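Numbering follows the working numbering, in which position 15 of the sequence shown is assigned residue number 17; successive positions increment by one, without gaps. Down below is the structure, laid out as structure tokens.
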Amino acid sequence: MNNFSINIQIQNQYQDKSLHDLLHLVASTTLSKFFNATQNISLDIIIANNKILHDLNMEFMGENSTTDVLAFPTKYSKSEQLYSMNSKINFLNKNINQVSIGEVYISYPQAKKQSKLHCHTLDEEITILIVHGILHILGFDHRTIKENFEMIHATKFILNQISKKG
Numbered sequence: 003m004n005n006f007s008i009n010i011q012i013q014n015q016y017q018d019k020s021l022h023d024l025l026h027l028v029a030s031t032t033l034s035k036f037f038n039a040t041q042n043i044s045l046d047i048i049i050a051n052n053k054i055l056h057d058l059n060m061e062f063m064g065e066n067s068t069t070d071v072l073a074f075p076t077k078y079s080k081s082e083q084l085y086s087m088n089s090k091i092n093f094l095n096k097n098i099n100q101v102s103i104g105e106v107y108i109s110y111p112q113a114k115k116q117s118k119l120h121c122h123t124l125d126e127e128i129t130i131l132i133v134h135g136i137l138h139i140l141g142f143d144h145r146t147i148k149e150n151f152e153m154i155h156a157t158k159f160i161l162n163q164i165s166k167k168g
């Protein structure tokens, strides 16, 4: 058993108990690769529409387009939560019992569209996007060949772990 708190918000039109269960399984399996069971880790996952992802992409990334996944790592000061793009995680603040590592936003319509393009199920696409988002929160990237290799390797390892549990 772990101390991970996975806070899941799904827009009403996409509500589904099996989706909630899938998100929890994927997130907890991914986090367990990087954190031990005694660490109090919190993660927010938001399943939303294209407009929300488009607006966030514009506001935080400067991209005037919708996207499939956005990941926002969190850092804490004593009084407020600060978002820091591409930051390293700060676990040193001992005033916080549970450390929020960030938020992952998934566009449900984009995931549905991409699942058809990639010839796999919607659940498989959402699984890949959640793993990808969490890896970004944890500092993984794919801007260089080396970073891309590390992200692909970590993704494949986690997907293998998830398939063993599912």
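Glycine included, C-beta positions come from ideal geometry on N, C-alpha and C. Owing to the predicted nature of the structure, the values given are computational and were not obtained by experimental measurement.
query: How about S34 and I8: are their beta carbons less than 8 Å apart?; result: no
query: Give me the Cβ distance between A50 and Y110, rounded to the nearest whole Å; I'm assuming they're in contact under 8 Å.; result: 7 Å
query: For D143, I'd like the list of residues in its chain whose CB is within less than 6 Å of its CB, leaving aside the five on either flank, ordered along the chain.; result: E149
query: Are D70 and Q112 close, meaning C-beta to C-beta below 8 Å?; result: yes
query: Where K19 and F151 are concerned, what is the direct C-alpha to C-alpha distance, given to the nearest angstrom?; result: 34 Å
query: Taking 8 Å as the cut-off, decide whether the C-beta atoms of I43 and I132 are in contact.; result: no
query: Rounded to the nearest angstrom, how far is the Cβ of I139 from that of P75, given a contact under 8 Å?; result: 5 Å
query: Can you list, in chain order, the residues of its chain with a C-beta nearer than 8 Å to that of L45? Leave out the 5 residues immediately preceding and following it.; result: F6, S7, I8, N9, A29, L33, S102, I103, G104, E105, V106, I136 and I139
query: Quick check on A113: does DSSP put it in helix, strand or coil?; result: helix
query: Apart from the five residues on each side of it in sequence, which residues of its chain come closer than 6 Å, Cβ to Cβ, to Y16?; result: I49 and Y110
query: Can you give me the start and stop residues for the alpha helix (DSSP H) that A156 sits inside?; result: I147 to K167
query: So the candidates are F62, H56, L124 and K53; which of them puts its Cα closest to the Cα of L25?; result: L124
query: If we ignore side chains and look at the alpha-carbon of each, how far apart do N95 and T157 end up?; result: Low confidence applies here, because N95 scores a pLDDT of 40, under 50, leaving its location unreliable and the question unanswered by this model.
query: Hey, out of Q163, I128, N4 and H122, whose CA is closest to T40's CA?; result: N4
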